[in-house]
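I have placed the structure first, in the form of structure tokens, so that the comments after it can refer back to it.
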Amino acid sequence: MGRSLLYFHVAVAALSLWIAQYPPLGDVPQHAAQVALALDLLQGRSHWSDIVAFNFFTPYLIGYGLMAAAAQFMSMASAVKLVLSLSVVAFFWAASALRRRFQAPAFLDWLVLGGFFGFAFKWGFLTFLLAAPIGIFFILRALDFAEQATWRNFWLLVGLGVLLFFSHGLVFVACVGIGFCYAVLGISDRRQAVFMLLPYALLGLLALVYYYFAQEVNHGQNMEARGFNWDLTPRRFVRFFRYQWDVAAVEKQQVGYVLNSLAFALFYLAPFLLGLRLQPTLRRVIPFAVVLLIGLVVPQTAMATAFLYERFALFLLPFYVLMFVPAEAPATASGHVVRAMTLAAVPALCLAMTASRAWQFHRFNEESRDFKAILDAIPAQQRVLSLMFDKGSSAAANPHTYLHFPCWYQAEKHGFVDSNFAQMLPQIVRFRPGEARVQTPFEWRPYRFDWTKHRGERYDYFVVRSVNRLFPHFLSLPCQVEMVTTSGAWALYRRTPASCHGVSQVSKPAGAAGG
654 MGRSLLYFHV AVAALSLWIA QYPPLGDVPQ HAAQVALALD LLQGRSHWSD
704 IVAFNFFTPY LIGYGLMAAA AQFMSMASAV KLVLSLSVVA FFWAASALRR
754 RFQAPAFLDW LVLGGFFGFA FKWGFLTFLL AAPIGIFFIL RALDFAEQAT
804 WRNFWLLVGL GVLLFFSHGL VFVACVGIGF CYAVLGISDR RQAVFMLLPY
854 ALLGLLALVY YYFAQEVNHG QNMEARGFNW DLTPRRFVRF FRYQWDVAAV
904 EKQQVGYVLN SLAFALFYLA PFLLGLRLQP TLRRVIPFAV VLLIGLVVPQ
954 TAMATAFLYE RFALFLLPFY VLMFVPAEAP ATASGHVVRA MTLAAVPALC
1004 LAMTASRAWQ FHRFNEESRD FKAILDAIPA QQRVLSLMFD KGSSAAANPH
1054 TYLHFPCWYQ AEKHGFVDSN FAQMLPQIVR FRPGEARVQT PFEWRPYRFD
1104 WTKHRGERYD YFVVRSVNRL FPHFLSLPCQ VEMVTTSGAW ALYRRTPASC
1154 HGVSQVSKPA GAAGG
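Residue numbers (the working numbering): 654 to 1168.
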């Protein structure tokens, strides 16, 4: 009964992603748009081949390939939800297999999915989520090789490492680092050391080749290098644990916040409440210690990629449970009571969190219906500028949900939306030299859009979202831009064929937040 309920919980968690037509996950529309653009380029039907080109040497190849395959039989939104659902199941499967490998108690499987729906999920780091279970399977294969260094295990490890690299670079670096630690632990003599470390040398060479490629691409496209943001503050360690569930501060009275706070305490206390024994051997501690190290010292931003350390919070619980084994001494009477209460409370809390998330998706589906009218009003194959004055969703309890939402137009109607992930190094479709540009300030601050500086004349349509109805300020442009339609907080504008004169900037209403 216990395992059946657990599998039911995993299935419901995976299927709940289908409740909303468009998942409320920040970067997901950009990933879907990349896949649609790549398919058009490969099939020779792209309207944008003069400004973008295909990039095979990308660490996102596996995730995008899965979405592209699914998109042959269903809509792009459905393809995204399918691979996300599969990633939920695969992550649970991989984490449970790792837990069994360390012979930790089976009940702890209830905890391993706890952090999956946190920071990385809400931000929509799709390829990272897809790569996470592959990374855990790599760790399992690294354990096999450390314990039995055969040529078969050697090639299986290298092959899975290459697969992991083409799934996501950050997961690759972290999990290869964990595997390297196990290899060092398994070395018994100097002659054996060469063979034990050779797979990691080969995988490291692959990473160095990509790094060289990245530098050449950035130089050739005149991309500005961005500095490191370390975010080394005293509260960083606490926030890292909170990122298992939260993406940003939310209203304290929300049900989700209460459930997350309970989970924060109960999930980490549960092994002790169950009477389990902490066994912090080096072999058991390494995965959790590596993730903690990432949370403490890895920069927040590097190589134009943001939120580097925050996303790794989803590995905390799957690696935490590895350090526990059954207790040797029999439990006391009071211990039996506490254990029984914990055995009931943990599944109940997991199911409540899943139910709350499903209700959240339902509310978001209702909230985002207004966008469909905007999407339907734009003809296919148009260039669109996204100006999200209000990015947050009260239904999704996420201040960044709508940041890239108009990119669903690119994903479904073969247009091109700015700001666009084609400017990012890991993407499967990149801007051609001369078209590449750094991330535009109006992505986060649409008030800074300047018609002349940002070449407003190249856009056919403008999608605006503003809860406070700031649309008239957009119309202050000294050119022929007319409103097409409005729908809730959304408005759609069209550039008319008449030429525009002069330089203008979208005016900033009095009292609006800026910096």
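By construction, the Cβ of each residue, glycine as well, lies at the ideal position given by its N, Cα and C atoms.
Using a Cβ-Cβ cut-off of 6 angstroms (strictly less than) and excluding sequence neighbours within five positions of Asp1023, which residues of its own chain qualify? Leaving aside the five residues that flank Asp1023 on each side, the residues in its chain whose CB is nearer than 6 angstroms to its CB run, in chain order, Ser1140, Gly1141 and Trp1143.
Short of 6 angstroms in beta carbon distance, which residues of its chain neighbour Phe1095, apart from the five on each side in sequence? Order them along the chain. Once the five neighbours on either side are set aside, the close Cβ partners of Phe1095 are Arg1101 and Phe1102.
Rounded C-alpha distance that separates Val1117 from Met994: In a straight line, the C-alpha of Val1117 is about 51 angstroms away from that of Met994.
With distances taken between CB atoms, is the gap from Leu816 to Ile787 smaller than 9 angstroms? Taking 9 angstroms as the Cβ cut-off, Leu816 and Ile787 qualify as a contacting pair.
Using a Cβ distance threshold of 8 angstroms, determine whether the segment 813 to 830 contacts the segment 755 to 772, with at least three qualifying pairs required. Two segments are said to touch when three or more pairs of C-beta atoms, one from each, lie closer than 8 angstroms; by this definition the segment 813 to 830 does not touch the segment 755 to 772.
Residue range of the alpha helix (DSSP H) that Val891 falls in? It spans Arg889 to Arg895 - the alpha helix (DSSP H) in which Val891 sits, taken as one unbroken run.
Compare the beta carbon distance of Ser1119 and Tyr675 with 9 angstroms and say whether it is the shorter of the two. Remark: C-beta atoms of Ser1119 and Tyr675 do not approach each other more closely than 9 angstroms.
Buried versus exposed call for Val974 [16 or more other C-beta atoms within 10 Å across all chains shown]: The residue is buried, with at least 16 neighbouring Cβ atoms inside 10 Å.
Does DSSP classify Ala706 as helix, strand or coil? Note: Ala706 maps to strand in three-state DSSP.
Unbroken beta strand (DSSP E) run spanning Tyr1146, endpoints: According to the DSSP assignment, Tyr1146 belongs to the beta strand (DSSP E) that extends over Trp1143 to Arg1148.
Enumerate in chain order the residues of its own chain whose CB-to-CB distance from Thr711 is below 7 angstroms, with the five nearest sequence positions on each side excluded. In its chain, beyond the 5 residues on either side, Pro1079, Gln1080 and Ile1081 have a beta carbon closer than 7 angstroms to the beta carbon of Thr711.
What three-state label does DSSP hand Val1091 in the structure shown? Note that Val1091 scores a pLDDT of 48, beneath 50, so its modelled location is shaky and nothing firm can be said.
Classification of Ala673 by the beta-carbon crowding that lies within 10 angstroms, buried from 16 upward: Label assigned to Ala673: buried.
So Arg1147 packs on Asp1113, CB below 8 angstroms; how close in whole Å? A Cβ-Cβ separation of about 7 angstroms places Arg1147 in contact with Asp1113 under the 8 angstroms criterion.
Under 9 angstroms, do Met976 and Asn913 count as touching if we go by C-beta distance? Against a cut-off of 9 angstroms, the Cβ pair of Asn913 and Met976 comes out as no contact.
Short check: CB of Ala747 to CB of Met720, under 9 angstroms? The criterion of a C-beta distance shorter than 9 angstroms is not satisfied by Ala747 and Met720.
For Arg610 and Ser987, what's the separation of their Cα atoms in angstroms? What the structure shows of the chain is the stretch from 654 to 1168, and residue 610 is not part of that stretch, so it cannot be assessed.
What is the DSSP secondary structure of Glu1135, counted as helix, strand or coil? Residue state, collapsed to three classes: strand.
Let me make sure I understand the geometry here. Which of Ala867, Phe818 and Ala689 has the alpha-carbon closest to that of Ala1033? Closest in alpha carbon position to Ala1033, among Ala867, Phe818 and Ala689, is Ala689.
Backbone secondary structure at Val974 - three-state DSSP: It is helical.
If distances are taken between C-alpha atoms only, which option among Phe881, Ala1049, Asp899 and Gln687 comes closest to Thr780? Of the listed residues, the one whose Cα sits closest to Thr780 is Gln687.
Looking only at its own chain, which residues have a Cβ that is under 8 angstroms from the Cβ of Glu981, when we skip the five neighbours before and after it? Excluding sequence neighbours, Glu981 sits near Arg930.
The alpha helix (DSSP H) spanning Tyr1114 covers which residue range? From DSSP, Tyr1114 is part of no alpha helix (DSSP H) but of the beta strand (DSSP E) over Tyr1114 to Arg1118.
Please determine, among Trp804, Gly777 and Asn1121, the residue with the shortest C-alpha to C-alpha distance to Leu670. Nearest of Trp804, Gly777 and Asn1121 to Leu670, Cα basis: Gly777.
Given that a residue counts as buried once 16 or more other Cβ atoms are within 10 Å of its Cβ, and exposed if not, what is Gln703? Looking at the sequence shown, residue 703 is not Gln but Asp. Its Cβ having fewer than 16 others within 10 Å, Asp703 is exposed.
Give the single residue among Leu783, Ala923 and Ile789 whose Cα lies nearest to the Cα of Pro979. Closest by alpha carbon: Ala923.
Please report the straight-line C-alpha distance between Ile939 and Ala966, rounded to a whole angstrom. Linking Ile939 to Ala966 through their CA atoms gives a straight-line distance of about 15 angstroms.
His1067 vs His821 beta-carbon contact at 9 angstroms: Not in contact: His1067 and His821 (Cβ atoms no closer than 9 angstroms).
Apply the 10 Å Cβ neighbour rule to Thr985 and answer buried if 16 or more other Cβ atoms are within range, or exposed otherwise. Under the 10 Å beta carbon count, Thr985 is surrounded by fewer than 16 other beta carbons and is classified as exposed.
Pairs of beta-carbons, one from the segment 785 to 804 and one from the segment 827 to 846, closer than 8 angstroms: are there three or more? Yes: the two stretches touch, three or more of their Cβ pairs being nearer than 8 angstroms.
For Trp671, which three-state DSSP category applies? Trp671: helix per DSSP, three-state reduction.
Quick check: Phe833 and Tyr713, are their CB atoms within less than 9 angstroms of each other? The answer is no: Cβ separation not under 9 angstroms.
Between the C-alpha atoms of Ser740 and Phe1058, what's the straight-line distance to the nearest angstrom? Each residue's alpha carbon lies about 22 angstroms from the other.
Given Val891 as reference, the closest of Thr934, Gln932, Leu809 and Leu945 once Cα atoms are compared: Checking every option, the nearest Cα to that of Val891 belongs to Leu945.
Quick test of your reading: Glu1065 and Met729, contact by CB under 8 angstroms. State the CB separation rounded to the nearest angstrom. Yes, they are in contact, since the Cβ atoms of Glu1065 and Met729 sit about 6 angstroms apart, within 8 angstroms.
Between which two residues does the alpha helix (DSSP H) holding Met720 run? That run of the alpha helix (DSSP H) goes Leu714 to Ala723.
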